[in-house]
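J.: I have a structure I would like to understand better, so I am pasting it below and will then ask my questions one at a time.
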């Protein structure tokens, strides 16, 4: 089973923390939609013999598109690819786009999962992030959406400057009050060349400390586990039956095609990424040229990626798979590097599987980096 990701590179305004590829001008929207449809057609041979189980609209802000435009793209996928009978079709959406009329239209479309960028239920947080919606819209859209969609995910950001544990707990509790079955939650990170980075550099904002951020994560983890969620990936919590199939496929290293400017693809052997420039992307596709760079992965690259993605999840890393796929020396190296983390109760071996402990989950990226292979001769 494979997936298709479609990047919609438009936003109403720029969030202060965001370093994703997008444009706040919609002048090239029609040309972009044509290019996305054409890229889907140009790349259909890549999925010959593959079955598409997930279609994911990310961005940017896909909900700025009309429902009919989204349906047009879904139709193109169905026209050129072998799609399962009931694929998971996710639309990332912002609360300010989700009027009652829009929600009704989406509910009548093939979209069956909404991923809503709430980020916070507090006005001061939303203003600091420069979100396009306000706190009232955040709650109102969930009231409406939950009446028409069963499968809803929301995004929440922790580690905000001046965010107390109490305010973070209120954010989590508000989300749980809407009976949302999936929550994606990320620490606020200061990315280079963003407005947030400039504010920090100028001393206007003091980022949360690592200790405060970890306290937020621990509270999130404890509260959601008590509410019946599984932390199936460090940033993703789902009730049984509501894990994101799209994201799970990524962490389990299944094949996916990324359509649109800046979108990434993976076929098990190589990674590719499209140019992150809208006019150049459109012009290239119009000339039947895929504007993509490709990197063929070495065995060491594949091992590192497997360790990186696996340790972030409840599925962990299979030592047998490492030995079978990459060679016994890789397994020996992984166990040798893991030893100190096992002693510190950050990792443990469950049968054949190397996993992070509850304490180690928050530190998974750093632990994985220590297990990376630089060069094995």
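Residue numbers (full-length UniProt numbering): 1 to 377.
Don't be surprised by glycine CBs; every beta carbon is placed ideally from N, CA and C.
Quick caveat, the model's predicted, so the values are computed rather than measured.
Can you list, in chain order, the stretches of the beta strand (DSSP E) that have 3 or more residues and sit fully within the stretch 255–282?
T.: 256–259, 264–266, 270–274
J.: Select from 248, 230, 168 the residue whose C-alpha is nearest the C-alpha of residue 240.
T.: 230
J.: Could you compute how far the alpha carbon of residue 235 sits from the alpha carbon of residue 247?
T.: Just so you know, the alpha carbons of residue 235 and residue 247 end up roughly 11 Å apart.
J.: Should residue 77 go down as buried or exposed, given a rule of 16 or more other Cβ atoms within 10 Å for buried?
T.: buried
J.: Counting only the same chain and skipping the five closest in sequence on each side, list residues whose C-beta sits under 6 Å from that of residue 365.
T.: Excluding residues within five positions, none has a Cβ falling inside 6 Å.
J.: Judging by CA-CA distance, which residue of 312, 289, 373, 120 is the nearest neighbour of residue 353?
T.: 312
J.: Using the beta-carbon count (16 or more within 10 Å), is residue 331 buried or exposed?
T.: buried
J.: Express the C-alpha separation of residue 195 and residue 206 in angstroms, rounding to a whole number.
T.: Rounded to whole angstroms, residue 206 to residue 195 spans 14 Å at the Cα level.
J.: In the DSSP assignment, find the unbroken alpha helix (DSSP H) run with residue 3 in it and report its ends.
T.: Counting along the chain, residue 3 sits inside no alpha helix (DSSP H); it lies in the beta strand (DSSP E) bounded by residues 2–8.
J.: List the endpoints of the continuous beta strand (DSSP E) containing residue 75.
T.: Per DSSP, residue 75 belongs to no beta strand (DSSP E); it is in the alpha helix (DSSP H), 67–80.
J.: Excluding five sequence neighbours on each side, which residues of the same chain lie with their C-beta closer than 7 Å to the C-beta of residue 345?
T.: 357, 359
J.: Please report how far the alpha carbon of residue 263 lies from the alpha carbon of residue 294, in whole angstroms.
T.: Each residue's Cα considered, the two are about 12 Å apart.
J.: Which of the three DSSP states, helix, strand or coil, is assigned to residue 377?
T.: Because residue 377 carries a pLDDT of 46, less than 50, the predicted location of this residue cannot be relied on, and the following value inherits that uncertainty. Coil, per DSSP.
J.: Quick one: what's got a C-beta closer than 8 Å to residue 130's C-beta in the same chain, skipping five residues either side?
T.: 13, 14, 15, 16, 195
J.: What does the alpha-carbon distance come out to for the pair residue 282 and residue 32?
T.: The straight-line gap from Cα to Cα measures roughly 6 Å.
J.: Would the stretch 141–161 and the stretch 105–123 be scored as touching if the rule is three or more Cβ pairs under 8 Å?
T.: yes
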